[in-house]
Structures are given as structure tokens and as C-alpha cells.
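Enquirer:
Numbering (the numbering used here), first residue to last: 1 to 326.
#1: Quick check: what's the CA-CA separation for residue 213 versus residue 168?
#2: Among 305, 315 and 318, which residue has its Cα nearest to the Cα of residue 120?
#3: Looking only at its own chain, which residues have a Cβ that is under 8 Å from the Cβ of residue 34, when we skip the five neighbours before and after it?
#4: Given this structure, state the Cα-to-Cα distance separating residue 240 from residue 229, to the nearest angstrom.
#5: Between the alpha carbons of residue 18 and residue 61, how many angstroms are there, rounded?
#6: Under the DSSP definition of a beta bridge, which residues are partnered with residue 71?
#7: Would you say residue 249 and residue 226 are within 7 Å of each other, going by their C-beta atoms?
#8: I think residue 134 touches residue 203, with their Cβ atoms under 8 Å apart; what is that distance to the nearest whole Å?
#9: Cα-Cα, which of 48, 299, 293 and 193 is closest to residue 265?
#10: From residue 291 to residue 232, what distance separates their C-alpha atoms?
#11: State the DSSP-derived secondary structure class of residue 310, mapped to helix, strand or coil.
#12: When the Cα atoms are used, what is the spatial distance from residue 149 to residue 177?
#13: Does the beta-carbon of residue 243, which I'm using as the reference point, lie nearer than 6 Å to any heavy atom of the ligand NAD?
#14: Alpha carbon to alpha carbon, how far is residue 310 from residue 222?
#15: So what does DSSP say about residue 91, is it helix, strand or coil?
#16: Using a Cβ-Cβ cutoff of less than 8 Å, which residues in the same chain neighbour residue 322 once the five nearest sequence positions on both sides are dropped?
#17: Within 10 Å of its beta-carbon, does residue 273 have 16 or more other beta-carbons around it, so buried, or fewer, so exposed?
#18: Quick check: what's the CA-CA separation for residue 104 versus residue 112?
#19: Let me know the secondary structure DSSP gives residue 180 once reduced to three states.
#20: Should residue 145 go down as buried or exposed, given a rule of 16 or more other Cβ atoms within 10 Å for buried?
#21: DSSP state of residue 131, grouped into three classes?
#22: Once the 5 residues before and after residue 200 are set aside, which same chain residues still bring their CB inside 7 Å of it?
#23: If you follow the beta strand (DSSP E) that residue 108 is part of, which residue opens it and which one closes it?
#24: I think residue 297 touches residue 123, with their Cβ atoms under 8 Å apart; what is that distance to the nearest whole Å?
#25: Does the separation of the CB atoms of residue 259 and residue 84 fall below 7 Å?
#26: What span of residues does the alpha helix (DSSP H) with residue 267 cover, start to end?
#27: Just to confirm, are residue 154 and residue 116 a CB contact at a threshold of 7 Å?
#28: Could you compute how far the alpha carbon of residue 283 sits from the alpha carbon of residue 151?
#29: Given this structure, state the Cα-to-Cα distance separating residue 335 from residue 325, to the nearest angstrom.
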């Protein structure tokens, strides 16, 4: 009887060890099939192009395809919801910007809880906002801009992609920090903003897409909202080097996310793959025309940043009673 019990015990231990080994092997073997990256905007944008190059790099590294799936609509919430509702196994990911992940949840009723149903994998890229003014605008420096805005409260207009957009909130925070009053003009698309800024029908934009027109001397950049100057615009000062009240320095980021419940080992594996892809010179070269830089943060570091910006943007929205119509 003792012998049979011993044999049973040995068999049980062996079976448990086999299962544990299989589990470890399954984790280390990830990915073992194609990975889908859900992207919330149409093909052709800056980060979408970068995402596709990263996907190719990650396929070479892992031996499995990383397929970009463009899911547009509802301000990005369709793509985010598709990811949040997917199996938490690492085979469906979401790449999105700070606007969708830290601003939209405070403005719209969503079919998912952004901050709970998705978990961070890595911050991938960032670009700093720039204070760009029409070439006809009288101010030549940020200090002159502030002085002019104070002397003409409500007269200076700034164009954004809409109420509740990151550009809108940037203007609100600028008003508070600099003690000025601006006039917000929401637009539906970047093309209209460009046309009106170049024609002088609107005074200001914070969008980096305007930098190409600065290069053509069709608009003027007064300030970079960051600690360092941009390499392509060495004559444009950074707010971090000035004595101005520091505001809007966090800029815009894109990050990768997975459904809640994705195993930590899988999240870590994906984070490592994204980090490697961001070191690829081809990926970096695709970022450069859009004033983007690689800005990798691991899951824990990215969680801290996301939490902080989720809270800070929420406070700005509540304090200023900003609402959007569906």
C-alpha cells in the first residue's frame, strides 16, 4: 500500500512539473501566432506609418506577423473597445494617443472603462507642442505674445481639432498659467486650420503639423513646449530654458496597450519587442518628418505617466466645465 501511495505521489509531482514546464514554455514561446495591432486612425498618418515599420521589425524579431488593423470612428473608441473586449492573451493590442487614453474618457460615455479595461505595455513616441503663429501676427517672441494677449484679452484666436481636444486643453492651461485670455476656434480638420492660419484668419496653432509651414516661412514658431529645442528648429527656444511659467511640457505621446488580464510575462515580452523596434534606425527615420522621437517607457513607468495625465486632464476638464456634444 505504501509503495502504491509513493508511486502515486511521484506521478502527481511529475505531472505537476510537466504542467508547470508547459506553462513556462508557453510563455517563453509567445507569440506563437499572428498578433493584431488595432490602430484608431486611417492609414497614412505619421504614427500609423511608424507602427507599420515597427510591426515589420517585430515580425523579424519574433517570427510571427504583427498585423496593423485600422479601426476608425467614434474618436478612437471603436478601436479601443475592440481591444478591451478581446481575449487577454497578448494577441490583440491597441496603439493610441494621450487624447484617447487620458482625455476622451472624461468627456464621453464609452462602452468600456479606459483606465481599467486596458493596461499599459509601453510608451512608444512623443512630440512636443509648439506655439506657432500666423506670419502676420505682431509678436516675435513668447514674451511678446503674452504681452500682446494681455493687452488684447479675448482677441487672440487659437485653432484646434475640436472642443475637448488636447489642443483645446493646452490653450486652457496656457490661459491659466500665463494669465491671458484667448479665443478658442474649434475646427473639424487640419486642412482648414492650415488654410486659415496661413491666411491670418486665425492667430495660433499648437499642432506640430504646422512646422512644415514654419520651414517655408509661411508661419512663425515662437516656443517649443519642452525642456529642449528641436533639432530642426534650433533658433526656436524651449519653454524649459525660459523664465516663463512652465506649462504644457508633457506633449503628446502614443502608447501600446493590452486588455486587462493579459499575463505579466506576455506584457513584458511585448514591451521588450517594442523597445527593440524603437531602436531601429528605420523606425526613427520615419518619426523624424513628424517631429516625433522614440520615447520608450516600460509598463510600470508608463503606468505612472498615464495615471498622472489621466488625473490632470480630468481636473482641467472638470474645473473649466468643458463638455462635448455627442
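All residues carry an ideal CB built from backbone N, CA and C; glycine is no exception.
Expert: Checking against the coordinates, here is how it stands:
#1: Spanning the two alpha carbons is a distance of roughly 21 Å.
#2: 305
#3: 64, 65, 66, 67 and 91
#4: 9 Å
#5: Note that residue 18 scores 44 on pLDDT, short of 50, meaning its location in the model is unreliable; the coordinates nonetheless yield the value given after this. Their Cα atoms are separated by approximately 28 Å.
#6: According to DSSP, which records beta bridges pairwise, residue 71 is partnered with nothing at all.
#7: Their beta carbons are under 7 Å apart, which means residue 249 touches residue 226 by this criterion.
#8: 6 Å
#9: 299
#10: Taking the straight line joining both Cα atoms gives about 9 Å.
#11: helix
#12: 13 Å
#13: Summarising the ligand content, the structure contains no ligands, and the ligand NAD is consequently not present.
#14: 28 Å
#15: coil
#16: 107, 163, 164, 168, 169, 172 and 316
#17: buried
#18: In a straight line, the C-alpha of residue 104 is about 12 Å away from that of residue 112.
#19: coil
#20: buried
#21: In the structure shown, residue 131 sits in a strand (DSSP, three-state: E or B).
#22: 134 and 136
#23: From DSSP, residue 108 is part of no beta strand (DSSP E); its letter is neither H nor E.
#24: 4 Å
#25: yes
#26: First-last of the alpha helix (DSSP H) with residue 267: 264-278.
#27: no
#28: 45 Å
#29: The shown model of the chain, from 1 to 326, leaves out residue 335, and the question about it has no answer.
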